[in-house]
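Each residue of the first sequence is one higher than the one before, counting from 263 in this note's numbering. Glycine included, every Cβ here is placed at the ideal spot set by N, Cα and C.
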Amino acid sequence: MKPRVKQTERYDFRTVENRWRPIWEAMDLYAAGNDPGKPDRYILDFFPYPSGDGLSVGHCRNYVPTCVDARFYRMRGYNVLHPMGWDAFGLPAENYAIEHGIHPSESSRRFSDTYRRQMKLVECSYDWSREFSSTDPDYYRWTQWFFLLLFRRGLAYQAFGQQWWCPHCQTILANEQVENGRCWRCDSPVTRKSLKQWFFRITDYADRLLADLDLVEWPERIKAMQRNWIGRSEGTEVVFSIEVDGESHTIPVFTTRPDTLLGVTFLALAPEHPLITDITNADQADEVRDYVSASQRLTEIDRMTADKEKTGVFTGAYAIHPLSGEGIPIWVADYVLPSYGSGAVMGVPAHDERDHAFAQRYGLPIKEVLIPSPDESEDGEKGCFTGKGMMVNSGSYTGLDSTTGAEKITADLEADGQGHATVNYRMRDWLISRQRYWGAPIPIIHCERCGVVPVPEEDLPVRLPEVGDDGQPVDFRPAGDGRSPLARVGWWLNVPCPQCGGPAQRETDTMDGFACSSWYFLRFASPHETDRPFDPDAVARWLPVDAYVGGAEHAVGHLMYSRFWTKVMADAGLIHFTEPFTQLRNQGMVLSPVDGKKMSKSKGNVITPDEVVAEHGTDALRAYLLFLGPFDAEVIWDDRGIVGVNRFLERFWKLAQDVAVQFESPGSTNVEFERVRHQTIRRVTHDMEQFRFNTAVAALMEYVNYLVRSRDAAIPGQQWRTAVETVTLLLAPIAPFITEEVWHEVLGGTDSVHRQSWPVFDESLAADEVVTIVVQVNGKLRDRMEVTSDITDDELRRIALSQPAVQAAIDGSVVENVVVVPGRLVNVVTGAQ
RNA sequence: GCCGAAGUGGCGGAACAGGCAGACGCGCACGACUCAAAAUCGUGUUCCCUCGGGAGUGUGGGUUCGAUUCCCACCUUCGGCACCA
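What follows is the structure in structure tokens.
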């Protein structure tokens, strides 16, 4: 039998992780710092909506990088606020509750318990003492308080009208929750339903929401989506008038092209337009009625299909053209959107593609009033000219260019009271009413005498009832009639009016979950306040959020609403800033290796952090998620790749064990060894600052490889110790367990590695003494030379020209120029041979 | 159609501020250790080649001593909006 050589133990991640978890918990390592001498930094993840499926590695791609950022800034001497909570109201919890016969509060609790457990599994460094759920009465009390604030400021109102309705979820949806005519949650085609609903007047803030995008550091993509969603459009409102049976009506239309006004040959009203019945000619009444009801039966998908053929029906009525006085036939056409502008458009077939198609189909006249300017090329082939040009066939306006003509026509209309310049937005007001149980009740009481009465602040929160009139747990299933389940709970519903004491009823709709997530970032600053939503001093200290990180899917929902609420609060003097999130970053999605698609339980392609941690450990999962690719790029999870970071962690472990035995050995400092250390600190620090974690991990891999290669070099023990210490500290935010173990077991640390200071580098010590200069001849690489970095340009030029390989490449040609870039290259430029 | 982002080896990706293209990792090949395998370590790995070199960062131009990087045009992919008058 051979003698046994003592081997370094393999790294046993299970033992190490199990040892440190409870110790760290007891140390309260992640509590938000409170040192007045330190700068503050608020690092926040999007408010997650816990689902029954738990977290996938895709979610971790959000939470691990922010955790690393938080750890990095803690080590750099910041007070870091890095909290977590739950956006738990909403349909998934409610549907799960219905399915399993439990209360939604129970399903919400189960979901968030799973999320919290998994987040702790990957050692996300949240300050759990600040955790809350949007479903806590102590929280939604203040959501209701903010509703009343908006109400008092005239920003919450009720309106009756046609709204999106999801027949499966049995609720009204906001515009943002309808995707391609389908419900965002269950994918059912949506229909229209007429109900009285609550709205927030976000359109009042459209201009500020647009302008202030310039103030924030957000991805251009998200800003573009918001701009597009707001859809600001300058134009002119033109008023057409019509007289029917001695009664006069006006039909305002919005146009961005008043220069084409004289080309109008018809008006088109949306089928929902309120004037249709009043103006329709008796001969046409049946046809119009049929068309209107047919278009209402169409699903939104059918109606919105862009390449659908344009249809319509003539009303028999004629409006008077404000400039020419001509009679203009009025049609009903479903390509006109009821909710934009006034729900009516002027038809200019010669200069608008849609109007052109419509006019062609129904044989309406096409009147050309604009020709391309001589200096512009025509964009002909569509059958109509839609560009700007020179006005023709336009009476006194003939000969003007589009821009001047548009201004003049608008001014003339205005003088006659027949129109004016105006601005339209694609954005609509925010519909917040939900006819579901699991949401924050809207704190309003409807009194027969006093009308709409806000619930007095001292009566907040308006709690969700837990038992019905029969004493049994409340039946929270939707009724299917469009009314909220809360309408069935008599004891809760019927209350005396707070103003007159007379009989009154509570509002039975609950708020859209996006209301809850529109202010949660303020609550984290002081989550335990009892008599106000937040402590203004704490908010002034931490807010706005320095780094806000989450998926791109909230570009026009949550991120718009939160900006709106923030501005309202600023206007009310509650806070000192108008934009809630200074810097926003979107992590890239992690696609499943199974099918290259987004992970979802229904597709059965999910990879969970639990399975990865069980097999490779938390450190490996974290390091791999960071190493997979740039933070904001979409990546495919590759099971094979994780062995790479595992090998790296093992190499680090073995290195630390191996060199520990020579920490005491004497010797003089090796300058090169020290230089690489400083260079590594510099690289990793810069990468971390810019969320470039993939290259930070690569830099650490290179450094560990370098140290392994230097094993047998004559490096003094103290320098070895410093090197190992440096890797350990630089790696600590990424791989918290293995570094803590090395910090204690190898380096003899007493306090946690996570409470150490981030290593600093010295620019002069990081500078190379010897540099490799590339020598090119006519831009082609011909030679390299090692020179000291303080060499002069002249010397460089001389040495470069004397190189045999360079001489061979020059081959007798005349040297015309020699470009010298210090520290980098020499390029010899020769003339033709 | 409009808006936004991006195209680099077999794969994920790297390249400061216009200066060595392919860092780091996966995979693969060969070698060492082993009875053997795994693990580990070492070497190699853009393509072509007559072994001198040559070509090469989606395509075609341009600016420059020099372009993955800047400019123009185009192609492709992804994401968003999509009859918004």
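inquiry  = Nearest by alpha-carbon distance to residue 1027: which of 934, 531, 337 is it?
reply    = Comparing Cα-Cα distances from residue 1027 to each of 934, 531, 337, the minimum goes to 934.
- Query: What is the DSSP secondary structure of residue 434, counted as helix, strand or coil?
  - Reply: Strand at residue 434.
* To do: Report the rounded CA-to-CA distance for residue 755 versus residue 745, giving the unit in angstroms.
  => Going from the Cα of residue 755 to the Cα of residue 745 covers about 13 angstroms.
Exposed unless 16 or more other CB atoms sit within 10 angstroms - verdict on residue 445 = With 16 or more other Cβ atoms within 10 Å, it is buried.
Where DSSP assigns a beta bridge to residue 499, which residues make up the other side? In the DSSP secondary-structure assignment, residue 499 is bridged to 516, 682.
Query - Backbone secondary structure at residue 1097 - three-state DSSP - result: No statement about residue 1097 is possible, as the shown extent of the chain runs from 263 to 1095 and does not include it.
*What three-state label does DSSP hand residue 899 in the structure shown?*
Note: residue 899 maps to coil in three-state DSSP.
- Item | Beta-carbon contacts of residue 643 that lie in its chain and below 8 angstroms, excluding the five residues immediately before and after | Low per-residue confidence applies at residue 643: pLDDT is 47, beneath 50, and the placement is therefore not dependable, though the value from the model is reported in the following sentence. Counting only Cβ-Cβ distances below 8 angstroms, and skipping sequence neighbours, we find nothing.
Going by DSSP, what residue range makes up the beta strand (DSSP E) through residue 1050? Per DSSP, residue 1050 is one residue of the beta strand (DSSP E) stretching across 1042-1050.
Task: CB of residue 1030 within 7 angstroms of CB of residue 1014, strictly - done: If you check the CB distance, residue 1030 and residue 1014 do not come in under 7 angstroms.
Taking the beta strand (DSSP E) that residue 304 falls in, what are its first and last residues? In this chain, the beta strand (DSSP E) harbouring residue 304 covers 302-307.
Checklist entry - Using the C-alpha atoms, what's the distance from residue 770 back to residue 749? => result Each residue's alpha carbon lies about 6 angstroms from the other.
query = Can the beta-carbon of residue 1099 be found less than 7 angstroms from the beta-carbon of residue 279?
reply = Residue 1099 is absent from the model: the chain starts at 263 and stops at 1095.
TODO: Specify the secondary structure class of residue 773 as computed by DSSP and reduced to three states.
DONE: In the three-state DSSP reduction, residue 773 falls in the strand class (E or B).
Worksheet item: For the beta strand (DSSP E) that contains residue 524, what are its first and last residues?
Response: Looking at the DSSP string, residue 524 is not in any beta strand (DSSP E), and its letter there is neither H nor E.
| field | At least 3 beta-carbon pairs within less than 8 angstroms: the stretch 320-332 vs the stretch 413-427 | value | No contact exists between the stretch 320-332 and the stretch 413-427.
- Item | Nearest neighbour of residue 406, chosen from 991, 743, 695 [CA to CA] | 695 is the residue among 991, 743, 695 whose C-alpha sits nearest the C-alpha of residue 406.
- request: Quickly, what does DSSP pair residue 847 with across the bridge? List them, please.
  value: In the DSSP output, where bridge partners are listed per residue, residue 847 has 811.
Exercise for the section: State the CB to CB distance for the pair residue 706 and residue 716, rounded to an integer number of angstroms; the pair is presumed to be in contact (CB under 8 angstroms). Expected result: Beta-carbon to beta-carbon, residue 706 and residue 716 are separated by about 6 angstroms, close enough to satisfy the 8 angstroms threshold.
Could you tell me if residue 1081 is buried or exposed, where buried requires 16 or more neighbouring beta carbons within 10 angstroms of its beta carbon? It counts as exposed.
What whole-angstrom Cβ distance do residue 1100 and residue 782 have, given they're in contact under 8 angstroms?
Because the chain here runs from 263 to 1095, residue 1100 falls outside it and cannot be looked at.
Residue 285: buried (16+ other C-beta within 10 angstroms of its C-beta) or exposed? That one is exposed.
- request: Let me know if residue 496 comes out buried or exposed under the rule of 16 or more other beta-carbons within 10 Å of its beta-carbon.
  value: Within 10 angstroms of the beta-carbon of residue 496 lie fewer than 16 other beta-carbons, which makes it exposed.
Original post:
When the Cα atoms are used, what is the spatial distance from residue 987 to residue 1022?
Top reply: For the pair residue 987 and residue 1022, the Cα-to-Cα distance works out to about 12 angstroms.
Exercise. How many angstroms separate the CA atom of residue 317 from the CA atom of residue 844?
Worked result: Each residue's Cα considered, the two are about 27 angstroms apart.
* Closer than 6 angstroms by C-beta to residue 640: which residues in its own chain qualify, once you throw out the five before and the five after it? Chain order, please. => Confidence is the limiting factor: at residue 640 the pLDDT is only 49, short of 50, which leaves the residue's position unreliable and the question unanswerable from this model.
Grab me the residues of residue 647's own chain with a C-beta within less than 8 angstroms of its C-beta, minus the 5 sequence neighbours each way, in chain order. Shown here for residue 647: same chain residues with a beta carbon closer than 8 angstroms to its own, the five before and five after excluded, namely 612, 613, 630, 632, 633, 634, 640, 641 in chain order.
**Prompt:** When you compare only the Cα positions, how much space is there between residue 333 and residue 1018?
**Reply:** Residue 333 and residue 1018 have their alpha carbons spaced roughly 10 angstroms apart.
Next item on the list: Identify, in the order they occur along the chain, each residue of the same chain with its Cβ nearer than 6 angstroms to the Cβ of residue 275, setting aside the five sequence neighbours on each side.
Entry: Here the set comprises 879.
Query raised in the report: Smallest Cα separation from residue 725: which of 572, 907, 402?
Result: Looking at the Cα atoms, 402 is the closest of the given residues.
Check: If you drop the 5 nearest sequence neighbours on each side, which residues of the same chain put their C-beta closer than 6 angstroms to that of residue 686?
Finding: Excluding residues within five positions, the ones whose Cβ falls inside 6 angstroms are 495, 516, 603.
Item to complete: Pull up the DSSP beta-bridge partners for residue 418, would you.
Response: 462.
For residue 787, the nearest candidate out of 931, 1046, 392 (CA to CA): Answer by Cα proximity: 392.
Buried or exposed: which applies to residue 743, given that a residue is buried once 16 or more other Cβ atoms fall within 10 Å of its Cβ?
Label assigned to residue 743: exposed.
Taking residue 1038 as part of the beta strand (DSSP E), name the residues at either end of that continuous run.
Unbroken beta strand (DSSP E) run through residue 1038: 1032-1039.
- Residues of its chain near residue 617, where Cβ-Cβ distance is below 6 angstroms and the 5 sequence neighbours each way are ignored: Closer than 6 angstroms at Cβ, skipping near neighbours: 609, 610, 611.
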